[in-house]
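Each residue of the sequence shown is one higher than the one before, counting from 0 in numbering that gives the first Met the number 0. Even glycine gets a Cβ: it sits at the ideal position worked out from N, Cα and C. A quick note: this is a predicted structure, and the numbers were derived from the prediction, not measured. One structure is given below, encoded as structure tokens.
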Amino acid sequence: MQSHRLSRLGEFVTSATEASYQADRLPEALRQAKWLFLGAGIVNVLFYLNDFHFLGAPHFASAIVARTVIVGVSFLALLLLRRSSPSVAGLRRLCLGWSVPVALAGGVLVSPHTGPALLVIFALPPLFHLALPVSVGGALVIGWSASAVLLASYLSGAPLDETSLGQGLGMLTLNVILALVLITTSRLRRMEWAATRAAQAANRELSQHREILRCLLRAVPTPLVIATGDTLRVIEVNDAARAYFGEEIQRDRLLIETYLDAPAFRRLADRLDQPGNVASFETTLHFADGSTREVLLAATATEFNGSPLALLALVDISERIEMEARLKHLASTDPLTGLANRALFFATADVEIKRMRRLSHPLAVVMVDIDFFKRINDTHGHDAGDAALSAFAKLCHGSLRGHDLAARLGGEEFALLLPETTPEEALALAERLRREVSELTIPGTEVRMTISAGVSAVTPGEDSVEDALARADRALYGAKNGGRNRVMADFSTGTEPSPVAPL
Numbered sequence: 000m001q002s003h004r005l006s007r008l009g010e011f012v013t014s015a016t017e018a019s020y021q022a023d024r025l026p027e028a029l030r031q032a033k034w035l036f037l038g039a040g041i042v043n044v045l046f047y048l049n050d051f052h053f054l055g056a057p058h059f060a061s062a063i064v065a066r067t068v069i070v071g072v073s074f075l076a077l078l079l080l081r082r083s084s085p086s087v088a089g090l091r092r093l094c095l096g097w098s099v100p101v102a103l104a105g106g107v108l109v110s111p112h113t114g115p116a117l118l119v120i121f122a123l124p125p126l127f128h129l130a131l132p133v134s135v136g137g138a139l140v141i142g143w144s145a146s147a148v149l150l151a152s153y154l155s156g157a158p159l160d161e162t163s164l165g166q167g168l169g170m171l172t173l174n175v176i177l178a179l180v181l182i183t184t185s186r187l188r189r190m191e192w193a194a195t196r197a198a199q200a201a202n203r204e205l206s207q208h209r210e211i212l213r214c215l216l217r218a219v220p221t222p223l224v225i226a227t228g229d230t231l232r233v234i235e236v237n238d239a240a241r242a243y244f245g246e247e248i249q250r251d252r253l254l255i256e257t258y259l260d261a262p263a264f265r266r267l268a269d270r271l272d273q274p275g276n277v278a279s280f281e282t283t284l285h286f287a288d289g290s291t292r293e294v295l296l297a298a299t300a301t302e303f304n305g306s307p308l309a310l311l312a313l314v315d316i317s318e319r320i321e322m323e324a325r326l327k328h329l330a331s332t333d334p335l336t337g338l339a340n341r342a343l344f345f346a347t348a349d350v351e352i353k354r355m356r357r358l359s360h361p362l363a364v365v366m367v368d369i370d371f372f373k374r375i376n377d378t379h380g381h382d383a384g385d386a387a388l389s390a391f392a393k394l395c396h397g398s399l400r401g402h403d404l405a406a407r408l409g410g411e412e413f414a415l416l417l418p419e420t421t422p423e424e425a426l427a428l429a430e431r432l433r434r435e436v437s438e439l440t441i442p443g444t445e446v447r448m449t450i451s452a453g454v455s456a457v458t459p460g461e462d463s464v465e466d467a468l469a470r471a472d473r474a475l476y477g478a479k480n481g482g483r484n485r486v487m488a489d490f491s492t493g494t495e496p497s498p499v500a501p502l
């Protein structure tokens, strides 16, 4: 980044970036200055003991004064530091104010040209270069200036000789090395700081993106589930899924398999293992309370950090399925009686004929007509007629087996489809039905009603129920002509209907 470009001294070129770096480093710089001032004061207090070895020497008084200056300035700077908690600029001014008298006092201390003094002039420059929490340029100026003062004071204490040049070159070399160390350290610190800031920014951005995704996930009104790709164990759900399934789905990290029967789960897992997405997977969810819900499920397989994941979205279609069932029922059911209508009767007959031919089972049909139905309508009104139709339908519901089918073909005309029923059984059923109807009273009236019925059977060579119905209708016609309230049968084409007298 352009704002993180470094100068030759190892500082940020952009002043705002450098100020931000210094502000971040200020607490550490304050601690560094505190230990510098405290250490300088304590060390020089200890050096008083060494100074008293020179009691009576010409430079003793000046050494005591210089030492006292260093001690006083150090403890004063420490006091100011603790009381004021200065800013970056204030700390730099404090360090400059400390370094000037310390360097001058140090020059006085090394002026006797003693052995310990030689050690001091090479020991103090690293302190000014590396320990002062100031700018790189400031540290270089203070360090080089202090080195010059110390070397000049040391050399002034004795005549120049052949070692003086070596001492000067040694001081120069030391300052060059310290400058390189200072600049390199400065660059490394700032590069580390910039990298840390970049990583923090990336982490913040990642956290923001995660929070955005989490908010979006929560806000989606469709239940969403994130699960492991191998076992489909729940990892994360949105609020809609939590409300749909309950808190336990995420709290207990349940398996999707918990809600599906085994075949459905295997089909879903197999489709997720294949390339592409599961666009629509219609299935039934089973809940712990025993309830079930019909859902349309969409899923996609993905990876995160090398681990397979599955994202599942579901739409509850229970109401749609229920509506479709109602519409299908309405489309195939007579609205007044609740019996099958003509379309369902013929569709079911086609299925049963195929089954009859495959299994060689018998299949019988019965045509039923309510006797004198027009007279009931004309005499007692249409409500009575509707009541008669409904009463007969109710009787059929109670008398027929589960696989039998009763249908209203129109008006007062009904048909019965009787799978796995022999002609004799069909005749017996029709006669029983005729007898039970004759015992009924039309609701709301004192009128009794009767029925006539014609019985026939589908022969093995027939592909539709039409011929059998025609024979049953012919038998029904014979029953009506024979006086009504009776059952007749026609089991072979071309023969006369055979009556079965009412009991």
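What residues match up with residue 458 in a beta bridge as DSSP calls it?
The residue labelled residue 458 in the question sits at position 459 within the sequence shown. Residue 458 is not bridged to any residue.
Since residue 29 contacts residue 90 with CB under 8 angstroms, what's their CB separation in whole angstroms?
Here residue 29 refers to the residue found at position 30 when the sequence shown is read from its first residue. Here residue 90 refers to the residue found at position 91 when the sequence shown is read from its first residue. Yes, residue 29 and residue 90 are in contact; Cβ-Cβ is about 7 angstroms, under 8 angstroms.
On the criterion of 16 or more Cβ atoms from any shown chain inside 10 Å, does residue 47 qualify as buried, or is it exposed?
Position 48 of the sequence shown, counting from 1, holds the residue named residue 47. The residue is exposed, with fewer than 16 neighbouring Cβ atoms inside 10 Å.
Would you call residue 420 buried or exposed, if buried means 16 or more other Cβ atoms sit within 10 Å of its Cβ?
Along the sequence shown, read from residue 1 onward, the residue named residue 420 stands at position 421. Flag for residue 420 reads buried.
In whole angstroms, give me the CA-to-CA distance for residue 206 and residue 121.
Numbered from its first residue, the sequence shown carries residue 206 at position 207. Numbered from its first residue, the sequence shown carries residue 121 at position 122. Taking the Cα positions, residue 206 is about 51 angstroms away from residue 121.
Can you tell me the Cα-Cα spacing of residue 317 and residue 311, whole angstroms?
For the purposes of this step, residue 317 is taken as residue 318 along the sequence shown, with counting starting at 1. For the purposes of this step, residue 311 is taken as residue 312 along the sequence shown, with counting starting at 1. Spanning the alpha carbons of residue 317 and residue 311 requires a straight line of approximately 18 angstroms.
Note the first and the last residue of the continuous alpha helix (DSSP H) segment covering residue 121.
To locate residue 121, count along the sequence shown from 1; it is residue 122. Counting along the chain, the alpha helix (DSSP H) containing residue 121 begins and ends at 114-125.
DSSP three-state assignment for residue 10, whether helix, strand or coil:
Looking up residue 10 in the sequence shown gives position 11. Residue 10 sits in coil when the DSSP states are folded into three classes, being neither helix nor strand.
C-beta atoms of residue 429 and residue 414 nearer than 7 angstroms:
Reading the sequence shown from its first residue, position 430 is the one you call residue 429. Reading the sequence shown from its first residue, position 415 is the one you call residue 414. The answer is no: Cβ separation not under 7 angstroms.
By how many angstroms is the C-alpha of residue 33 removed from the C-alpha of residue 18?
What you label residue 18 is simply residue 19 of the sequence shown in a count that begins at 1. What you label residue 33 is simply residue 34 of the sequence shown in a count that begins at 1. Rounded to the nearest whole angstrom, the C-alpha separation of residue 18 and residue 33 is 21 angstroms.
Does the beta-carbon of residue 282 have 16 or more other beta-carbons within 10 angstroms, so that it is buried, or is it exposed?
As a working mapping, residue 282 is identified with position 283 in the sequence shown. Taking all protein chains shown into account, residue 282 has 16 or more neighbouring C-beta atoms within 10 Å of its C-beta and is therefore buried.
Residue 320 beta carbon less than 7 angstroms from that of residue 448:
For the purposes of this step, residue 448 is taken as the residue at position 449 of the sequence shown. For the purposes of this step, residue 320 is taken as the residue at position 321 of the sequence shown. For residue 448 and residue 320, no; Cβs fall outside 7 angstroms.
Ends of the beta strand (DSSP E) at residue 367?
In the sequence shown, the residue the question calls residue 367 occupies position 368. From DSSP, the beta strand (DSSP E) with residue 367 extends over 362-369.
Ends of the alpha helix (DSSP H) at residue 381?
Taking the sequence shown and counting its residues from 1, the one referred to as residue 381 is at position 382. 381-398 is the span of the alpha helix (DSSP H), which, as asked, contains residue 381.
Closest by C-alpha distance to residue 315, when choosing among 240, 442, 464
Within the sequence shown, the letter at position 316 stands for residue 315. Per the Cα distances, 240.
Between the Cα of residue 405 and the Cα atoms of 444, 361, 484, 348, which residue gives the shortest distance?
In the sequence shown, residue 405 corresponds to position 406, counting from 1. Comparing Cα-Cα distances from residue 405 to each of 444, 361, 484, 348, the minimum goes to 348.
Please go through the same chain and pick out, in chain order, the residues whose beta-carbon is closer than 6 angstroms to the beta-carbon of residue 489, but skip the five residues on each side of it.
One-based indexing of the sequence shown puts residue 489 at position 490. Taken in chain order, the residues that qualify are 455, 470, 473, 474, 496.
How is residue 111 classed by DSSP in three states: helix, strand or coil?
For the purposes of this step, residue 111 is taken as residue 112 along the sequence shown, with counting starting at 1. Coil at residue 111, not helix or strand.
Identify, in the order they occur along the chain, each residue of the same chain with its Cβ nearer than 8 angstroms to the Cβ of residue 375, setting aside the five sequence neighbours on each side.
Counted from its first residue, the sequence shown places residue 375 at position 376. If you ignore the 5 residues before and after residue 375, its C-beta comes within less than 8 angstroms of the C-beta of 369, 383, 384, 387, 441, 446, 448, all in its own chain and listed in chain order.
I'd like the span of the alpha helix (DSSP H) that includes residue 471, first residue to last.
What you label residue 471 is simply residue 472 of the sequence shown in a count that begins at 1. The continuous alpha helix (DSSP H) containing residue 471 extends over residues 465-480.
Given a threshold of 16 other Cβ atoms within 10 Å of its Cβ, counted over all protein chains shown, does residue 423 qualify as buried or as exposed?
Stepping through the sequence shown from its first residue, residue 423 is reached at position 424. Result: exposed.
Would you mind giving the Cβ-Cβ distance between residue 398 and residue 431, rounded to the nearest angstrom? I have them listed as a contact below 8 angstroms.
Residue mapping note: residue 398 aligns to position 399 of the sequence shown, counting from 1. Residue mapping note: residue 431 aligns to position 432 of the sequence shown, counting from 1. Contact holds; Cβ gap of about 7 angstroms.
For residue 418, which residues does DSSP report across the bridge?
In the sequence shown, counting from the first residue as 1, residue 418 sits at position 419. Secondary-structure assignment with DSSP links residue 418 through a beta bridge to 362.
Whole beta strand (DSSP E) elements within the region 283-317, 3-residue minimum
If we require 3 residues or more, the beta strand (DSSP E) runs fully inside the region 283-317 come out as 291-303, 306-315.
In whole angstroms, what separates the C-alpha of residue 16 from that of residue 2?
The count along the sequence shown starts at 1 and reaches residue 16 at position 17. The count along the sequence shown starts at 1 and reaches residue 2 at position 3. Using only the alpha carbons, I get a separation of about 6 angstroms.
At the level of alpha carbons, what is the spacing between residue 493 and residue 266?
On the sequence shown, position 494 is the one that residue 493 refers to. On the sequence shown, position 267 is the one that residue 266 refers to. Caution is warranted here: a pLDDT of 46 is assigned to residue 493, below 50, making its placement in the model unreliable, and the coordinate value is therefore given only provisionally. About 55 angstroms.
Am I right that residue 507 and residue 261 are in contact with their C-beta atoms under 8 angstroms? What's the rounded C-beta distance?
Because the chain here runs from 0 to 502, residue 507 falls outside it and cannot be looked at.
Roughly how many angstroms separate the alpha carbons of residue 216 and residue 22, rounded to a whole number?
Working through the sequence shown from its first residue, we reach residue 216 at position 217. Working through the sequence shown from its first residue, we reach residue 22 at position 23. Taking the straight line from one Cα to the other gives about 39 angstroms.
Taking all protein chains shown into account, do 16 or more other C-beta atoms lie within 10 angstroms of the C-beta of residue 290, making it buried, or fewer, making it exposed?
Your numbering for residue 290 matches position 291 in the sequence shown. Exposed, because fewer than 16 other Cβ atoms sit within 10 Å of the Cβ of residue 290.
For residue 247, the three-state DSSP class (helix, strand or coil):
What you label residue 247 is simply residue 248 of the sequence shown in a count that begins at 1. Collapsing the DSSP output to three states places residue 247 in a helix.
Between which two residues does the beta strand (DSSP E) containing residue 161 stretch?
Counted from its first residue, the sequence shown places residue 161 at position 162. Where residue 161 is concerned, there is no enclosing beta strand (DSSP E), although the alpha helix (DSSP H) around it starts and stops at 161-218.
Which term fits residue 128, buried or exposed, when burial requires 16 or more other beta carbons within 10 angstroms of its beta carbon?
The residue given as residue 128 occupies position 129 in the sequence shown. Here residue 128 is buried: its Cβ has 16 or more other Cβ atoms, across all protein chains shown, within 10 Å.
Which residues does DSSP list as the beta-bridge partners of residue 407?
Numbered from its first residue, the sequence shown carries residue 407 at position 408. According to DSSP, residue 407 shares a beta bridge with 413.
Given a threshold of 16 other Cβ atoms within 10 Å of its Cβ, counted over all protein chains shown, does residue 287 qualify as buried or as exposed?
For the purposes of this step, residue 287 is taken as the residue at position 288 of the sequence shown. Flag for residue 287 reads exposed.
Would you check whether the ligand ZN has a heavy atom nearer than 6 angstroms to the C-beta of residue 34?
No copy of the ligand ZN occurs in the structure displayed, which carries no ligand at all.
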